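Visitor: If you're matching positions, the sequence shown starts at 147 in this note's numbering and goes up one per residue.
In this text, a Cβ means the ideal position worked out from N, Cα and C, and glycines have one as well.
None of the values given here were measured: they were computed from a predicted structure.
Let me begin by handing over the structure; questions about it come next.
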Amino acid sequence: MAVSIPFDSKKFRAAVTPLFLSFLIMGLPGVFCVVLIIDGVHFDRHALAFATASVPISSLIGAWMLSILFPASLSAEGVYGHSLWGARRFVRWQDIAAARTFRLFNLHWLRIYATDGKVTWLALFQSHKPEFSQEIQRLAPPVSPVLNYLR
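What follows is the structure in structure tokens.
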């Protein structure tokens, strides 16, 4: 059963700029490697130029889509995030057993471990970071492990 975000909870979207930069940094060497694998050392410069020019455009579109399609949400009951595979997850505040950070290039994530062993991922690179931090501080219980990772 899909978890839906209730209307009364506050939604937060990941910032597009850090996502764009990460995609760009990973995409450009990736495109160059693919061209070298397909064409070898004698590659077509026009094809490489076209592929290189398409990476920033596709990175921007991908970053914007991820920001729109995968929002996080905070409510008085708990946190709405996502699994590693993108499925929406909900974890109640009192069911949070631990929290740990994860960093991939310039993207900081918070992995929230529930008492049932499931992990919910929460992007810490929010477009409205101060509001996001204030909302967590307001809603989370004082002993919540999530509070240790707010910057």
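1) Does the region 262-276 come close enough to the region 154-166 that 3 or more CB-CB pairs lie under 8 Å?
2) Measuring alpha carbon to alpha carbon, tell me which residue in R191, L220, A193 and S213 is nearest L253.
3) Within the same chain, show all residues whose beta-carbon is closer than 7 Å to that of G232, passing over the 5 residues directly before and after it, in chain order.
4) For R191, name the three-state secondary structure that DSSP assigns.
5) Ends of the alpha helix (DSSP H) at I282?
6) Taking D154 as the reference, give the member of G224, R249, H188 and I207 with the closest Cα.
7) Quick one: what's T198 bridged to in DSSP?
8) For the region 197-243, list the beta strand (DSSP E) runs that are entirely contained and at least 3 residues long, ordered along the chain.
9) Buried or exposed, going by whether 16 or more other CB atoms sit within 10 Å of the CB of V289?
10) Name the residue from R234, I171 and A243 whose alpha carbon lies nearest to the alpha carbon of A326.
11) I need the straight-line Cα distance from A197 to R191, nearest angstrom please.
12) How about L268 and A218: do their beta carbons lie closer than 8 Å?
Guide: A quick look at the data gives this:
1) Because the criterion of three Cβ pairs below 8 Å is met, the region 154-166 and the region 262-276 touch.
2) Indexing the sequence shown from 1 puts residue 253 at position 107. That would be S213, whose Cα lies nearest to the Cα of L253.
3) The residue labelled residue 232 in the question sits at position 86 within the sequence shown. Cβ within range, chain order: F216.
4) Sequence index remark: in the sequence shown, residue 191 carries index 45 (1-based). Note: R191 maps to helix in three-state DSSP.
5) As a first step, residue 282 must be located in the sequence shown, where it is residue number 136. Per DSSP, I282 belongs to the alpha helix (DSSP H) from K275 to L285.
6) In the sequence shown, the residue the question calls residue 154 occupies position 8. Selected option, being the one with the closest Cα: G224.
7) Taking the sequence shown and counting its residues from 1, one reaches residue 198 at position 52. In the DSSP assignment, T198 forms no beta bridge with any residue.
8) Taking only runs of at least 3 residues, the beta strand (DSSP E) segments lying wholly in the region 197-243 are 218-220, 224-228 and 234-238.
9) Position 143 of the sequence shown, counted from the start, is the residue given in the question as residue 289. Result: exposed.
10) Residue numbering for the chain in the displayed model covers 147 to 297; residue 326 lies beyond these limits and cannot be assessed.
11) Taking the sequence shown and counting its residues from 1, the one referred to as residue 197 is at position 51. Taking the sequence shown and counting its residues from 1, the one referred to as residue 191 is at position 45. Approximately 10 Å, taken between the alpha carbons.
12) Reading the sequence shown from its first residue, position 122 is the one you call residue 268. Reading the sequence shown from its first residue, position 72 is the one you call residue 218. Taking 8 Å as the Cβ cut-off, L268 and A218 qualify as a contacting pair.
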